[in-house]
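S.K.: Structure incoming, see below.
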Ligand SMILES: Cc1cc2nc3c(=O)[nH]c(=O)nc-3n(C[C@H](O)[C@H](O)[C@H](O)COP(=O)(O)O)c2cc1C
């Protein structure tokens, strides 16, 4: 039973046992040398806490407002493609889990199920993430459908004009239909002008996902975006990028109060999330952790993964002396050297030093 998972290690282990090697590598893997992936973890591990003591932390509130939604904790399930590989009910199972738990669900246009079907599952706020595969009429038709289906915001992912070269998938001679779609190339011609036109047509809140520099964060704010997600796609597109935690401070500063700053990339522990909140992130996104929850136990497995993530956030906040997310700030952090080689499963010490394969 998923509720019996005592810790996140057991969830990762269960997903690893449940999936074929090809599915494990699709989810866990990244581009080329996987340096960007490892830098995400490295950047997170490069901070240590400066705990304050003798403060009243007998009641801790981890809830927060994100994009106008009051969330149980500032956590979003990030968009993922081909989710039926993770669990038979795919993004629909994730929708029910997000609703039961109280997290935002971002739904990819290549999730593998129709956006309307996923929108109908679970009561929580849902954001529609679009990969562009056609002209403006094609885009507008998708936006109209998403609005009608009840999505509360539109997310444009901008860090994949080309699909990352994923060596693990190439070795398995395994590729997804969505990647082979010749219309995928249209994405390479998407510009700020496209975003502006989409935003005008959508008329509601927008999120740009995949910003990696202060310069682009400023442009995003000038284009009226409501939230920017600092992201490198979990290291799956550009290799040799920076870890997202190393990008966060300059992007928080560039955006100021003009837009919310979100972050994803390697977040699997509550301590990871608390570090990002300390540096100004309003919301933390999880990709692989959510996939592992689904692999371990479908909808229930993801709910359990979210509960454990929250339990770790709560615990870390209590131990550093912060009773609410609003109390967190950079004064709780200092720089520190990571202790071991970093990789996709290095935050789970009981697997040993090597990545799970
Ligand atoms: C299996 C998988 C599929 C993904 N598919 C998409 C997608 O369709 N659209 C998108 O914007 N990002 C996609 N991403 C990237 C995630 O939204 C997110 O940025 C990334 O997973 C965060 O890093 P993490 O997995 O280390 O948490 C995918 C990630 C994974 C692991």
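Numbering (this note's numbering), first residue to last: 778 to 1134. We put the beta carbon where it would ideally sit given N, CA and C, even for glycine.
1. Can you tell me which of the three DSSP states residue 1109 falls into?
2. Helix or strand or just coil, what does DSSP make of residue 802?
3. At 3 residues or longer, and completely inside the stretch 898-942: list those beta strand (DSSP E) runs for me, N to C.
4. With a cut-off of 8 Å on the beta carbons, I'd call residue 882 and residue 854 a contact; round off their distance for me.
5. If you follow the alpha helix (DSSP H) that residue 819 is in, where does it begin and where does it stop?
6. Kindly indicate which residue of 911, 782, 828 and 983 has the alpha-carbon position closest to the one of residue 1055.
7. Do you know how far the Cα of residue 988 is from the Cα of residue 1098?
8. For the beta strand (DSSP E) containing residue 1037, name the first residue and the last one.
9. From 1059, 954, 870 and 985, pick the residue whose C-alpha is nearest to that of residue 1067; which is it?
10. Leaving out five residues on either side along the sequence, give the residues of the same chain with a beta carbon under 6 Å from the beta carbon of residue 1133.
11. Tell me, please, whether the stretch 1006-1014 touches the stretch 976-994 by the rule of three or more beta-carbon pairs shorter than 8 Å.
12. Could you give the C-beta distance for residue 895 and residue 868, rounded to a whole number, given that I count them as a contact under 8 Å?
13. By the three-class DSSP mapping on this structure, what secondary structure does residue 995 have?
14. Measure the beta-carbon distance from residue 931 to residue 983 and round it to whole angstroms, keeping in mind my assumption that it falls under 8 Å.
15. My guess is that residue 1057 and residue 1029 are in contact by the Cβ rule of under 8 Å, so how many angstroms apart are they, rounded?
16. For residue 788, name the three-state secondary structure that DSSP assigns.
17. In the structure shown, what three-state DSSP assignment does residue 848 receive?
18. Can you list the alpha helix (DSSP H) stretches of 4 or more residues lying completely in the stretch 1044-1111, in chain order?
19. Can residue 1041 be considered in contact with ligand 1, in the sense that its beta carbon sits closer than 7 Å to one or more heavy atoms?
20. Does DSSP put residue 866 in a helix, a strand or coil?
21. Beta carbon of residue 814, beta carbon of residue 1064: below 8 Å?
22. Output the boundary residues of the alpha helix (DSSP H) element that contains residue 946.
23. Please confirm whether any heavy atom of ligand 1 lies closer than 7 Å to the CB of residue 1112.
24. Compute every distance between the C-beta of residue 1010 and the non-hydrogen atoms of ligand 1, then say whether any falls below 7 Å.
25. Given 7 Å as the limit, tell me if residue 856 has its C-beta closer than that to any heavy atom belonging to ligand 1.
26. According to DSSP, simplified to helix, strand and coil, what is residue 956?
27. So what does DSSP say about residue 783, is it helix, strand or coil?
28. Taking buried to mean at least 16 other C-beta atoms within 10 Å of its own C-beta, is residue 975 buried or exposed?
29. In terms of DSSP beta bridges, what is residue 983 paired with?
30. Going by beta-carbon coordinates alone, are residue 1059 and residue 1022 separated by less than 8 Å?
31. In angstroms, rounded to a whole number, what distance separates the CA positions of residue 1096 and residue 1024?
32. Tell me the residue span of the alpha helix (DSSP H) that contains residue 895.
33. Near residue 1090, what residues of its chain come up, given a Cβ to Cβ distance below 7 Å and the 5 sequence neighbours on each side ignored?
34. Taking 8 Å as the cut-off, decide whether the C-beta atoms of residue 933 and residue 994 are in contact.
35. For the alpha helix (DSSP H) that contains residue 1028, what are its first and last residues?
M.R.: Looking at the atomic coordinates:
1. Helix.
2. Looking at residue 802 - three-state DSSP - the assignment turns out to be helix.
3. 903-907 and 930-934
4. Between residue 882 and residue 854, the beta carbon gap of about 5 Å places them in contact (Cβ cut-off 8 Å).
5. Note, residue 819: alpha helix (DSSP H), 812-822.
6. Measuring C-alpha to C-alpha distances from residue 1055 to each of 911, 782, 828 and 983 identifies 828 as the nearest.
7. 32 Å
8. 1037-1041
9. 870
10. 793 and 1122
11. Result yes; three or more Cβ-Cβ pairs closer than 8 Å.
12. 5 Å
13. helix
14. 5 Å
15. 4 Å
16. helix
17. strand
18. The DSSP assignment places 1047-1055 and 1065-1097 as complete runs of the alpha helix (DSSP H) inside the stretch 1044-1111, in order along the chain (cut-off: 4 residues).
19. yes
20. Note: residue 866 maps to coil in three-state DSSP.
21. Residue 814 places its beta carbon 8 Å or farther from that of residue 1064.
22. 944-948
23. no
24. yes
25. yes
26. helix
27. Reduced to three states, the DSSP call for residue 783 is coil.
28. buried
29. Residue 983 has 931 as its beta-bridge partners, per DSSP.
30. no
31. 26 Å
32. 892-896
33. 839, 850, 1047, 1050 and 1051
34. no
35. 1021-1032
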